[in-house]
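Only one structure is covered here, and it is reproduced in the block below.
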Amino acid sequence: MSERNVIRSIMVETPSKPGNLGRVATAIGSVGGDIGDIVTVQIGPFTTMRDITVHCENEEQLHAVIDAIQGLGGGIRVRTVSDDVLRAHEGGKIHMKSKMDIRSLADLRRVYTPGVANVCRVIQEEPEKARIYTSIGNTVAIVTDGTAILGLGDIGPVAGMPVMEGKAALFDRFAGISGVPILLNTKDPDEIVRTVKTISPGFGGILLEDIGSPHCFEVEDRLKEELDIPVMHDDQHGTAVVTLAAVISACRCAGVDLKEAVVGQVGLGAAGLAICRMFLAYGVQRVHGVDLNEDAKKRLAAYGGEPLDSLEELMQTCDIVISTTGVPGLIKPEMIREGQVILALSNPKPEIEPEDALKAGAGFAADGRSVNNVLGFPGIFRGVLNAGAKRITHEMLVAAAEAIANCTRDGELVPHPLNPKVHREVARAVEEVAGHGL
Ligand SMILES: NC(=O)c1ccc[n+]([C@@H]2O[C@H](COP(=O)([O-])OP(=O)(O)OC[C@H]3O[C@@H](n4cnc5c(N)ncnc54)[C@H](O)[C@@H]3O)[C@@H](O)[C@H]2O)c1
Ligand SMILES: O=C(O)C[C@H](O)C(=O)O
Ligand SMILES: [Mg+2]
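For the sequence shown, position 285 matches number 285 in UniProt numbering, and the numbering has no gaps at all.
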């Protein structure tokens, strides 16, 4: 099924007689609308109100759905149309909460003054006890400068906040970690590094998110060097881990030796270059790449990859093609070779829809909704925080990728992110490798 990014709640009033809901459903389906949840809001003696969630491919289809319902007549009416996703974001998605109940004066004295002063002294005397007596060891800063928010580009840190809150929600849900969004009003690498270092005492780790290339490379390298807590740029290494996992699964399924396969990367920015580096370090012999930017191609060459001149040449040459350009529809069906693995990972829209790639002959195809770094970053940080590790190493990332691949069912490329096992297994694998290094 093609992508349905327009999701709306349509409040429909019908006369309270059997058969009317069926007529509404048929009208929606007749113009291609896809029905999600149906909630009956009110049943009266004469009329019934239902909130129907409808998924559409575009705004035109949404208008056609509304017209089709209105056109039914016989007292059937559209009352309101609202944007469910926008509504779900009202007030934001996250909230800092106290773990302690404060009901009595004794509680107050324990949580706050004067009791808290002694805890401060304990930490002053033995700073490592902050790991025991504060939340620092379980808190990760989610830092962005807003320069590469998904594939939307440089839209600024405040417009990127819904993504950062989303990452915080995922940290909580999948790893029990408190993620705190930090929005930086600067794109200057020196200032980013200085600011992150200045706030770092309050955090057990730093997740860099949606920071554009090439400055993301310098920012991450310097922070890793200068801080003694784990730092990871999610769009680089979280993505590389999940991509490697998907490709391991595809190769297992097809009985192909990954190290002998020819890999092609379209877009050599934050995600793309890290994916190439991951494959090269994993032992893949031939890794090609294309980018509009010559410097990006030079960076690939410096890591041992082979830049090519055009997308067409890459599509002709490679068995496995991964794209992270942020350009929807860049890969045309006629470019696909029979049996190719196509991972079109740009969000919110891929370079080619997986079903179009499969129709055009791809052996395996997926987009950035399923092959997504949500499968990696929560468990990776859980693992390093559990181990008290100061760095995230290549060996830990490979262990995470293999753990994800081992949780994948036959015939699929990656596990479902709602499967709690995958986050547990990633954390376990990373903690084990981290433990060896301590
Ligand atoms: N699925 C996931 O988990 C995941 C993770 C990270 C990033 N992404 C997606 O990848 C995309 C890129 O993210 P990023 O952080 O690497 O951004 P980025 O800006 O660092 O990199 C994008 C690169 O693509 C290149 N590019 C643009 N148009 C091109 C074209 N027509 N042909 C070749 N190269 C082209 C740019 O020159 C740049 O080097 C975004 O859409 C993002 O949503 C997905
Ligand atoms: O946020 C996502 O869905 C994945 C990734 O971090 C991206 O930037 O696209
Ligand atoms: Mg991102």
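Every residue, glycine too, gets a C-beta built ideally from N, C-alpha and C. None of the values given here were measured: they were computed from a predicted structure.
Taking the Cα positions, Lys259 is about 38 angstroms away from Pro181. For Arg337, there is no enclosing beta strand (DSSP E), as DSSP marks it with neither H nor E.
Relative to Met11, the option among Ala25, Lys99, Met49 whose CA is nearest is Met49. For Leu72, no alpha helix (DSSP H) segment is defined, and its DSSP state is neither H nor E. Counting along the chain, the unbroken beta strand (DSSP E) around Asp51 starts and ends at 47-56. For Val31, the secondary structure class from DSSP, reduced to helix, strand or coil, is coil.
Here Phe46 has Pro15, Ser16 as same chain residues with Cβ atoms under 8 angstroms from its own Cβ, once five neighbours each way along the sequence are excluded. The C-alpha of His89 lies about 17 angstroms from the C-alpha of Asp172. Looking at the backbone, the Cα of Val242 and that of Leu207 are separated by about 16 angstroms. The beta-carbon separation of Leu150 and Asp107, rounded to 43 angstroms, does not stay under the 8 angstroms limit for a contact. Pro417 is a Cβ neighbour of Val374, given a cutoff of 8 angstroms. Within the same chain, and ignoring the five residues on either side of Pro189 in sequence, the residues whose Cβ sits closer than 7 angstroms to its Cβ are His215, Glu218, Val219.
Cα atoms of Val231 and Arg424: separation of roughly 20 angstroms, rounded to the nearest angstrom. Arg77 and Ser30 have their C-alpha atoms spaced approximately 17 angstroms apart.
Here the distance from the Cβ of Gly368 to the nearest heavy atom of ligand 2 is below 7 angstroms.
For Leu314, no beta strand (DSSP E) run applies; the uninterrupted alpha helix (DSSP H) run containing it begins and ends at 311-317, by DSSP. Contact between Ala169 and Ile94 holds: CB atoms are separated by about 6 angstroms, below the 8 angstroms threshold. Phe381 sits in a helix when the DSSP states are folded into three classes. Counting only residues of its own chain and dropping the five nearest sequence neighbours on each side, Ala403 has a CB closer than 6 angstroms to the CB of Glu425, Val426, Ala429. Val196: not part of any beta strand (DSSP E); member of the alpha helix (DSSP H) spanning 189-199, first to last residue.
Under the 10 Å beta carbon count, Gln340 is surrounded by 16 or more other beta carbons and is classified as buried. The alpha-carbon separation between Ala401 and Phe377 amounts to approximately 11 angstroms.
In this structure the stretch 263-272 lies against the stretch 281-290, because at least three pairs of beta carbons, one per stretch, are closer than 8 angstroms. Considering only Val6, Gly179, Glu165, Val263, the residue with the shortest C-alpha distance to Thr53 is Val6. Following the DSSP letters along the chain, one finds Ile275 in no beta strand (DSSP E) but inside the alpha helix (DSSP H) bounded by residues 270-282.
Per DSSP, Met100 is not a residue of any beta strand (DSSP E), being assigned neither H nor E. Scanning its chain for C-beta atoms nearer than 6 angstroms, with the 5 sequence neighbours on each side dropped, one finds around Ser249 the residues Ala405, Thr408, Leu413, in chain order. Less than 8 angstroms divides the Cβ of Asp145 from the Cβ of Thr186. Taking C-alpha positions only, His55 is separated from Glu294 by approximately 40 angstroms. Taking one beta carbon from each stretch, the stretch 337-352 and the stretch 377-392 have fewer than 3 pairs nearer than 8 angstroms; the two do not touch. When C-alpha distances from Leu397 are compared across His233, Arg121, Asp67, Asp37, the shortest belongs to His233. Inter-residue distance for Ala64 and Pro350 is about 25 angstroms (C-alpha atoms, whole angstroms).
A direct Cα-Cα distance of roughly 23 angstroms separates Ala274 from Leu184. When DSSP states are grouped into helix, strand and coil, His288 belongs to the strand group. Taking the Cα of Ile331 as reference, the smallest distance to any Cα among Thr317, Ala357, Asp319 is reached at Ala357. For the 8 angstroms CB-CB criterion, Gly379 and Ala175 form a contact.
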